[in-house]
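First residue of the sequence shown? That's 1 in the working numbering, and the numbers climb one at a time after it.
Backbone N, C-alpha and C fix where the C-beta goes; we use that ideal spot for every residue, glycine too.
Quantities reported herein were computed from a predicted structural model and do not represent experimental measurements.
One structure is given here, and the rest of the page talks about it.
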Amino acid sequence: MTGTPSLPAPREEYDVIEGAMLETARGRWFLGEYARRNRTADTDMLLQAIGRLENAVTGERGPPGMERLRFDLIEMAKAISRTKSEIAAIHTPDQDQSQLGAASEALDGIVRTTERATSDILQAAEEVQEVAWTLRETGADSRICDRLDHNATQIYTACSFQDLTAQRTSRIVNTLRYLEQRLTAMIEIWASEDDPPAPAQSREAVPDTTLDQDDVDQIVATGQGQAPVEDEEAAPAPRLRLVEPALPDDDLAFLPIREAAAAPEPEYAVPLEDAFAEIDDLDLDEKLARFT
């Protein structure tokens with residue numbers, strides 16, 4: 001049977017059939033159930049279409065964390081650019097020395113001056129203390145001697161604090177110099193990245209070595225373990241090196257052929273001519289019986 005598509009009924013026939021089905025309870029139930037099922041199918045179809053559209057839109061956007069990663073990378077690039085600008089402002093090649101270098105030199109000068117002053121003060125305090133002991137031994141007023149000794153002790157205490165300040169200043173100077181060295185190294189690295197790449201070194205020119213038939217015969221004879229025929233008094237010919245033309249990516253070269261030692265011929269306990277003599281002497285039935 002060949003299936004033929006049903007022709008759509010006219011509007012009048014549809015109304016007649018609908019009216020006839022609405023007259024009975026079973027017909028009304030059928031129409032309601034048919035409408036409900038069609039509504040469910042249409043809803044499922046619409047939901048599937050919305051799901052496909054959503055998948056297409058979200059697929060173009062990429063993974064959820066990709067936008068966040070892209071934003072973070074952009075922010076990192078901006079921060080690095082600002083850091084470069086700040087470092088360039090601190091250390092410029094046009095100046096004789098950077099601001100950090102000038103600050104470290106100034107602090108270093110202060111430390112040296114303070115050390116000299118502290119040394120002079122301590123030396124003067126020692127002299128005052130010696131004078132106080134001398135006066136005490138000569139019978140001078142003990143109150144004056146104690147006063148001088150007390151003042152010398154206070155000078156020692158003040159100089160000790162001054163020495164601690166000088167040590168801290170020296171550490172600051174060393175830190176500034178370390179920072180300056182690291183910043184200079186970073187600037188050199190960035191400068192090398194900004195410079196155009198150096199042209200690649202040209203490949204070595206391949207020597208134009210032409211081989212004639214005699215050279216080829218000599219190489220073949222050497223590979224087979226045969227000595228080339230040449231004059232005994234003549235100097236040995238140099239080994240030839242076959243070089244392939246340079247390829248775009250690799251340089252291939254064939255190394256000289258080494259003389260292979262001739263393999264010794266195997267020694268047989270029985271000559272090859274007599275190895276099958278015993279089998280040849282058998283008749284056909286005996287041969288079939290032995291090999292079957």
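{"Query": "Other residues of its chain near LEU107: CB distance less than 8 angstroms, five sequence neighbours each side excluded", "Result": "THR169, ILE172, VAL173 and LEU176"}
{"Query": "Segment contact flag, the segment 152-159 with the segment 114-124, C-beta cutoff 8 angstroms, min 3 pairs", "Result": "yes"}
{"Query": "Contact under 8 angstroms by Cβ, GLN162 with THR114", "Result": "yes"}
{"Query": "Exposure of ALA117, with buried meaning 16 or more beta-carbon neighbours within 10 Å", "Result": "exposed"}
{"Query": "Backbone secondary structure at GLU23 - three-state DSSP", "Result": "coil"}
{"Query": "Beta-carbon proximity list for VAL128, same chain, < 8 angstroms, skipping 5 on both sides", "Result": "LEU148, ASN151, ALA152 and ILE155"}
{"Query": "Collapsed DSSP secondary structure at THR157 in the structure displayed", "Result": "helix"}
{"Query": "Three-state secondary structure assigned by DSSP to THR299", "Result": "With the chain represented from 1 up to 292, any question about residue 299 goes unanswered, as that position is not in the structure."}
{"Query": "Reduced DSSP secondary structure (H/G/I, E/B, other) of LEU73", "Result": "helix"}
{"Query": "Where LEU164 falls: helix, strand or coil (DSSP)", "Result": "helix"}
{"Query": "Sequence-distant residues of the same chain with beta carbon closer than 6 angstroms to ARG28, five excluded per side", "Result": "LEU22"}
{"Query": "For TYR14, the three-state DSSP class (helix, strand or coil)", "Result": "helix"}
{"Query": "With 16 other Cβ atoms within 10 Å as the buried cut-off, status of GLU180", "Result": "buried"}
{"Query": "Status (buried if at least 16 other CB within 10 Å, exposed otherwise) for ALA132", "Result": "buried"}
{"Query": "LEU47 versus PHE30 - alpha carbon distance", "Result": "26 angstroms"}
{"Query": "Cα-Cα separation between ALA79 and MET45, rounded to whole angstroms", "Result": "51 angstroms"}
{"Query": "Three-way DSSP call (helix, strand, coil) for LEU282 in this model", "Result": "coil"}
{"Query": "Proximity of ALA166 and VAL111 at Cβ, strictly below 8 angstroms", "Result": "yes"}
{"Query": "Length of the line joining the Cα atoms of ALA25 and GLU33", "Result": "12 angstroms"}
{"Query": "Buried versus exposed call for ASP280 [16 or more other C-beta atoms within 10 Å across all chains shown]", "Result": "exposed"}
{"Query": "Inter-residue spacing [alpha-carbon to alpha-carbon] between ILE294 and GLU54", "Result": "Residue 294 falls outside the range modelled here, since the chain spans only 1 to 292, and no answer is possible."}
{"Query": "Inter-residue spacing [alpha-carbon to alpha-carbon] between ALA289 and GLU278", "Result": "15 angstroms"}
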